[in-house]
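In what follows, a structure is listed as structure tokens, so that the remarks can point back to it.
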Amino acid sequence: MPLSTGELAALVARDIPAGSYVNLGIGQPTRVADHLTPEQGVILHTENGMLNMGPAATGDDIDPDLTNAGKVPVTELPGASYFHHADSFMMMRGGHLDVCVLGAFQVSVHGDLANWHTGAPDAIPAVGGAMDLAIGAKQVYVMMTLFDKQGRPKLVPKCTYPLTGLRCVSRVYTDLAVFDVGAGGAVVRESFGITREQLRQVT
Amino acid sequence: MPLSTGELAALVARDIPAGSYVNLGIGQPTRVADHLTPEQGVILHTENGMLNMGPAATGDDIDPDLTNAGKVPVTELPGASYFHHADSFMMMRGGHLDVCVLGAFQVSVHGDLANWHTGAPDAIPAVGGAMDLAIGAKQVYVMMTLFDKQGRPKLVPKCTYPLTGLRCVSRVYTDLAVFDVGAGGAVVRESFGITREQLRQVT
Amino acid sequence: MKLRESVDEAVAGIADGSTVLVGGFGMAGMPFDLIDALIRQGATGLTIVSNNAGNGDVGLAALLKAGRVQKVICSFPRQSDSYVFDDLYRAGRIELEVVPQGNLAERMRAAGAGIGAFYCPTAVGTPLAEGKETRTIDGRDYVLEFPIKGDVALISAHRADRLGNLVYRKTARNFGPVMATAATTTIVQVSEVVEAGSIDPETVVTPGIFVDRVVRAEARSYMVEGAR
Amino acid sequence: MKLRESVDEAVAGIADGSTVLVGGFGMAGMPFDLIDALIRQGATGLTIVSNNAGNGDVGLAALLKAGRVQKVICSFPRQSDSYVFDDLYRAGRIELEVVPQGNLAERMRAAGAGIGAFYCPTAVGTPLAEGKETRTIDGRDYVLEFPIKGDVALISAHRADRLGNLVYRKTARNFGPVMATAATTTIVQVSEVVEAGSIDPETVVTPGIFVDRVVRAEARSYMVEGAR
Chain Y
12 MPLSTGELAA
22 LVARDIPAGS
32 YVNLGIGQPT
42 RVADHLTPEQ
52 GVILHTENGM
62 LNMGPAATGD
72 DIDPDLTNAG
82 KVPVTELPGA
92 SYFHHADSFM
102 MMRGGHLDVC
112 VLGAFQVSVH
122 GDLANWHTGA
132 PDAIPAVGGA
142 MDLAIGAKQV
152 YVMMTLFDKQ
162 GRPKLVPKCT
172 YPLTGLRCVS
182 RVYTDLAVFD
192 VGAGGAVVRE
202 SFGITREQLR
212 QVT
Chain W
12 MPLSTGELAA
22 LVARDIPAGS
32 YVNLGIGQPT
42 RVADHLTPEQ
52 GVILHTENGM
62 LNMGPAATGD
72 DIDPDLTNAG
82 KVPVTELPGA
92 SYFHHADSFM
102 MMRGGHLDVC
112 VLGAFQVSVH
122 GDLANWHTGA
132 PDAIPAVGGA
142 MDLAIGAKQV
152 YVMMTLFDKQ
162 GRPKLVPKCT
172 YPLTGLRCVS
182 RVYTDLAVFD
192 VGAGGAVVRE
202 SFGITREQLR
212 QVT
Chain E
665 MKLRESVDEA
675 VAGIADGSTV
685 LVGGFGMAGM
695 PFDLIDALIR
705 QGATGLTIVS
715 NNAGNGDVGL
725 AALLKAGRVQ
735 KVICSFPRQS
745 DSYVFDDLYR
755 AGRIELEVVP
765 QGNLAERMRA
775 AGAGIGAFYC
785 PTAVGTPLAE
795 GKETRTIDGR
805 DYVLEFPIKG
815 DVALISAHRA
825 DRLGNLVYRK
835 TARNFGPVMA
845 TAATTTIVQV
855 SEVVEAGSID
865 PETVVTPGIF
875 VDRVVRAEAR
885 SYMVEGAR
Chain P
665 MKLRESVDEA
675 VAGIADGSTV
685 LVGGFGMAGM
695 PFDLIDALIR
705 QGATGLTIVS
715 NNAGNGDVGL
725 AALLKAGRVQ
735 KVICSFPRQS
745 DSYVFDDLYR
755 AGRIELEVVP
765 QGNLAERMRA
775 AGAGIGAFYC
785 PTAVGTPLAE
795 GKETRTIDGR
805 DYVLEFPIKG
815 DVALISAHRA
825 DRLGNLVYRK
835 TARNFGPVMA
845 TAATTTIVQV
855 SEVVEAGSID
865 PETVVTPGIF
875 VDRVVRAEAR
885 SYMVEGAR
């Protein structure tokens, strides 16, 4: 059976080593946070200047001065710290984050990432911190569906969308399979409701 | 009459504009601080990570964690701040200091500075923050005697000692005269116990 | 000497054609009152450097709507409520330079630190590095990036003392401390002004040397996007 | 997981030939207990990066005296009481690279920030720029400088929480926060360890992400040179 988004998030969460410093980008990968256990002691980084970010804020806890990278109100955990943008991106670009988890339009079997721009001529370009995360974290995990809405694989021999980073992704988590990617190409780690033979045909 | 070191320090202090951020380096120029008035509201920077440094500490006020660039124990004034070395030198190199006052072995009439190395072959080289201050402060004042112990002028057509910075000094305060230096050469602003004619002969 | 009586006094003298660094990440840390004052002040043909390109009809969006902005340098213009920018952009009435967020921060820091240019690992091999110098150092590829210097920075902080020392609140800190170092004139709105000595010197985030003008402004109660 | 029981445990595993960043400006901020432990630990052939080259017979001077240091990279080796270094240097038994103090800080920051190299205005036209690449940018001359990365940083801070967040005391802060970012393994001695949440998140100077090992060590009562 293909995994639901929640199941996929849980799978990613399980694979994050204890004590890691982790950035979950924006959007779907932020759901990984819901599946991290206190025992893991994972510390979340948000690009807008905070470590040890807590869950989304609700009700009276909402503070307009405390949001995540997606501008959603969040909370702080004991041992949090705040810092300015140059310091925050120093953490990202200087290789201090252990893991980041990003969404993607396409990932190549060699680890190239395309996740910031569809290439559509009328799109307004916007990159945010995606390129900094892609080249900076020690491990870049991508979390996405294996196929797009038109049924085309998003794990590809070569990205056709504008690139975010070169050879930066190490692992791709999809609803149908988990792959290691890199210099040697894609290797299936596990699959869900799809045979390895079927996977070989489509990727 | 030639000026004493104290009189020279007072002269420099008088010329520092109100509200300036000032670095007095190490050694003799630090005596300028004794002549600044509270009305001037000058804020002293020390390269080892502090703004609004106060006078030297004595007795029980001595704290080994609070020293100036010369490693002399100092005090803090209300409105002080502490910061790390990269931030401290950002202030210097980024052009945020209004004035610094440095000693010198030689200054050229075009504003080249030599104050870190005598060129003696057996000397152990040590530069500290001298080069960063020389190129960073908006105004670099030098405070020195006009002649060295052998009676040779220290304001020279061209420095023979190893340089600290190129065309960085704007004014030279000496015991016998004050000069503006720069692209147009040295211009005497005032003199003490020496005629302009005598000055012309020696510099 | 840094304190100003009103936001209008605080923004006085900003020239047409200025490059203005505007703090904030979305709404958090956006200097709303200073931007409103800048709209009243009238400077036009501005280049705005900010992470986003305005939300809703307030702050930066209002400045754009007033037609005062010629160019935006930012990392992420497109947001759920960036319709003012979107319309201007699609109408060809505003220039856009998209810069990776880390480059935006680091290029401003470089301006503040006197760095002439730096080799940066971000964006190598992507469209945002096209036409830029590259260099391989110790086996890794880098792109050469140049400083972004502001004529003016408009930022928001939580508290200032009379010497201009600043502290911020939570993630509203974001670009404020970096922009303060990178502009010729840094103008700050704060919720509170205190006497010198009231801020613990160990906790100062932006030392006063980076701050030129300070004005107290009522913290606006603005919407948080995600909380709508 | 970052807390260590003893300074000896804290410095375990430092390899011969390592580049070790050592905090402190003179005595202030010098991690005396970690250096003493490093002497016991025995690593040799070290390259030391520090502002000075040791004072008297303690700290860095003791490490030099023990013959463990092959090279010193610093801004100001020569001090009134740097006789251990002076003797080694004059005897040709230690290498010296003199770096302007601001370059020392900025080159370590570059290592921590992933910057490949940067154009710097300091030292242009001086002997310390000889043989280095230069470039004119917007009419100003710059020297190309490369990062200094440490295998290990040994620093001293005032207080740590269990996550490795650090605060410092006064000018003992100096190089500590920069070195913490620039080393593969950052080892910190502190006077006090507190629970997570005991340090106000707004006042953390070095976030725990830059810290690998923390050990409590009695603050030594060391001499202040100028107070003698």
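Residue numbers (my numbering), protein chains in the order written: chain Y, 12 to 214; chain W, 12 to 214; chain E, 665 to 892; chain P, 665 to 892.
Every residue, glycine too, gets a C-beta built ideally from N, C-alpha and C.
Spatial neighbours of E889 (chain P) in its chain, beta-carbon cut-off 8 Å, leaving aside the 5 residues before and after: As a first step, residue 889 (chain P) must be located in the fourth sequence, where it is residue number 225. Residue confidence for E889 (chain P) is low, a pLDDT of 45 falling below 50, so the modelled location carries little weight; the figure read from the coordinates is stated next. G690, M691, N719, Q743, S744, D745, listed in sequence order.
Inter-residue Cα distance where the pair is S15 (chain Y) and E856 (chain P): The residue labelled residue 15 (chain Y) in the question sits at position 4 within the first sequence. The residue labelled residue 856 (chain P) in the question sits at position 192 within the fourth sequence. Each residue's alpha carbon lies about 47 Å from the other.
Residue interval of the alpha helix (DSSP H) (run including S99 (chain Y)): The sequence position of residue 99 (chain Y) within the first sequence is 88, counting from 1. Here the alpha helix (DSSP H) through S99 (chain Y) covers 96–104.
Inter-stretch contact (C-beta, 8 Å, three-pair minimum) for the segment 805–822 of chain P and the segment 812–824 of chain E: no
Pick from Y:Y93, Y:M12, Y:L19 that is closest to L55 (chain Y), judged by C-alpha positions: What you label residue 55 (chain Y) is simply residue 44 of the first sequence in a count that begins at 1. Looking at the Cα atoms, Y:Y93 is the closest of the given residues.
Length-filtered (3 minimum) beta strand (DSSP E) runs lying within the segment 725–778 of chain E: 733–738, 759–762
Contact belief for A775 (chain P) with A846 (chain P) at Cβ below 8 Å, rounded distance in angstroms: Translated into positions along the fourth sequence, residue 775 (chain P) becomes position 111. Translated into positions along the fourth sequence, residue 846 (chain P) becomes position 182. So it is a contact: roughly 4 Å between Cβ atoms.
Contact under 8 Å by Cβ, G162 (chain Y) with L187 (chain Y): Locating residue 162 (chain Y) in the first sequence gives position 151, counting from the first residue. Locating residue 187 (chain Y) in the first sequence gives position 176, counting from the first residue. No, Cβ-Cβ distance for G162 (chain Y) and L187 (chain Y) is not below 8 Å.
G803 (chain E) and G872 (chain E) closer than 8 Å at C-beta: Position 139 of the third sequence, counted from the start, is the residue given in the question as residue 803 (chain E). Position 208 of the third sequence, counted from the start, is the residue given in the question as residue 872 (chain E). Not in contact: G803 (chain E) and G872 (chain E) (Cβ atoms no closer than 8 Å).
Touching by the beta-carbon criterion (3+ pairs, under 8 Å), the segment 699–718 of chain E and the segment 667–681 of chain E: yes
CB of M67 (chain Y) within 8 Å of CB of V83 (chain Y), strictly: Numbered from its first residue, the first sequence carries residue 67 (chain Y) at position 56. Numbered from its first residue, the first sequence carries residue 83 (chain Y) at position 72. The identity of residue 67 (chain Y) in the sequence shown is Ala, whereas the question assumes Met. Contact flag set, yes.
Inside the segment 141–203 of chain Y only - beta strand (DSSP E) runs reaching at least 3 residues: 150–154, 182–184, 188–191, 198–202
Supposed contact pair F740 (chain P) and A137 (chain W) - C-beta distance, whole angstroms, cut 8 Å: Walking along the second sequence from the start, residue 137 (chain W) turns up at place 126. Walking along the fourth sequence from the start, residue 740 (chain P) turns up at place 76. Indeed, because the Cβ distance is near 4 Å, the residues count as touching under 8 Å.
Three-state secondary structure (DSSP) of A91 (chain Y): Counting from one through the first sequence, the residue named residue 91 (chain Y) turns up at place 80. It is a strand residue.
Proximal residues of chain E, C-beta to C-beta of V763 (chain P) below 7 Å: Here residue 763 (chain P) refers to the residue found at position 99 when the fourth sequence is read from its first residue. Near V763 (chain P) there are no residues of chain E at all, since even the closest Cβ is about 16 Å away, more than 7 Å.
Backbone CA spacing between I737 (chain E) and D751 (chain P) [nearest angstrom]: Along the third sequence, one-based indexing puts residue 737 (chain E) at 73. Along the fourth sequence, one-based indexing puts residue 751 (chain P) at 87. Using only the alpha carbons, I get a separation of about 55 Å.
Listed by chain order, chain E residues near Y93 (chain W) by CB distance under 8 Å: One-based indexing of the second sequence puts residue 93 (chain W) at position 82. Going along chain E in sequence order, the residues near Y93 (chain W) (Cβ under 8 Å) are P865, E866, V868.
Where the alpha helix (DSSP H) through A21 (chain Y) begins and ends: Position 10 of the first sequence, counted from the first residue, corresponds to residue 21 (chain Y). It spans 16–26 - the alpha helix (DSSP H) in which A21 (chain Y) sits, taken as one unbroken run.
Segments of 3+ residues assigned as beta strand (DSSP E) that fall wholly inside the segment 841–872 of chain P: 847–858
Cβ distance (whole Å) where L724 (chain P) is taken to contact S714 (chain P) below 8 Å: Here the question's residue 724 (chain P) lines up with position 60 in the fourth sequence. Here the question's residue 714 (chain P) lines up with position 50 in the fourth sequence. About 6 Å; that satisfies the 8 Å criterion.
Through-space distance from D123 (chain Y) to Q212 (chain Y), alpha-carbon basis: For the purposes of this step, residue 212 (chain Y) is identified with residue 201 of the first sequence, where counting begins at 1. For the purposes of this step, residue 123 (chain Y) is identified with residue 112 of the first sequence, where counting begins at 1. Distance between the alpha carbons of Q212 (chain Y) and D123 (chain Y) is about 21 Å.
8 Å Cβ cutoff, D26 (chain W) in contact with chain E: The residue labelled residue 26 (chain W) in the question sits at position 15 within the second sequence. By this cut-off, D26 (chain W) is not an interface position.
Bridge partner(s) assigned by DSSP for T790 (chain P): By 1-based counting over the fourth sequence, the position of residue 790 (chain P) is 126. Answer is none; T790 (chain P) lacks a bridge partner.
Within chain E, the residues that H96 (chain Y) reaches when beta carbons sit closer than 7 Å: The residue you call residue 96 (chain Y) lines up with position 85 of the first sequence. What H96 (chain Y) touches in chain E: A769, N838, F839, V842.
Any C-beta of chain W under 8 Å from that of G828 (chain P): The sequence position of residue 828 (chain P) within the fourth sequence is 164, counting from 1. No, its Cβ sits nowhere closer than 8 Å to a Cβ of chain W.
Proximity below 8 Å, CB of K169 (chain Y) to CB of A115 (chain Y): Taking the first sequence and counting its residues from 1, the one referred to as residue 169 (chain Y) is at position 158. Taking the first sequence and counting its residues from 1, the one referred to as residue 115 (chain Y) is at position 104. No, these two residues do not count as a Cβ contact at 8 Å.
Listed by chain order, chain P residues near G795 (chain E) by CB distance under 9 Å: In the third sequence, the residue the question calls residue 795 (chain E) occupies position 131. The contacting residues do not exist; G795 (chain E) stays about 17 Å from chain P at best.
Where A781 (chain E) meets chain P, residues with beta-carbon distance less than 8 Å: As a first step, residue 781 (chain E) must be located in the third sequence, where it is residue number 117. In chain order: F782, Y783, R799, I801, Y806.
Simplified DSSP assignment, three categories, for V120 (chain Y): Along the first sequence, one-based indexing puts residue 120 (chain Y) at 109. Coil at V120 (chain Y), not helix or strand.
Neighbourhood of A891 (chain E) by C-beta, 7 Å cutoff - its chain only, sequence neighbours within 5 removed: Within the third sequence, the letter at position 227 stands for residue 891 (chain E). Low confidence applies to A891 (chain E): its pLDDT is 39, below 50, so where it sits in the model is not reliable, and the reading given next is rough at best. None.
Identity of the residues DSSP links to T708 (chain P) by a beta bridge: Counted from its first residue, the fourth sequence places residue 708 (chain P) at position 44. The partner list for T708 (chain P) (beta bridge, DSSP) is empty, contrary to what the question assumes.
Alpha helix (DSSP H) segment containing E673 (chain P), residue limits: Stepping through the fourth sequence from its first residue, residue 673 (chain P) is reached at position 9. Element bounds for E673 (chain P): 671–674.
Check whether R826 (chain E) and R668 (chain E) have beta carbons under 8 Å apart: For the purposes of this step, residue 826 (chain E) is taken as residue 162 along the third sequence, with counting starting at 1. For the purposes of this step, residue 668 (chain E) is taken as residue 4 along the third sequence, with counting starting at 1. Contact flag unset, no.
Same chain, Cβ closer than 7 Å to L157 (chain Y), five either side skipped, listed in chain order: Looking up residue 157 (chain Y) in the first sequence gives position 146. So the qualifying residues of the chain are P164, K165, L166, T185, D186, L187, A188.
Contact under 8 Å by Cβ, V852 (chain E) with V868 (chain E): Numbered from its first residue, the third sequence carries residue 852 (chain E) at position 188. Numbered from its first residue, the third sequence carries residue 868 (chain E) at position 204. No, these two residues do not count as a Cβ contact at 8 Å.
Separation of L77 (chain W) from A836 (chain P), as counted between CA atoms: For the purposes of this step, residue 836 (chain P) is identified with residue 172 of the fourth sequence, where counting begins at 1. For the purposes of this step, residue 77 (chain W) is identified with residue 66 of the second sequence, where counting begins at 1. Cα-Cα distance, rounded: 7 Å.
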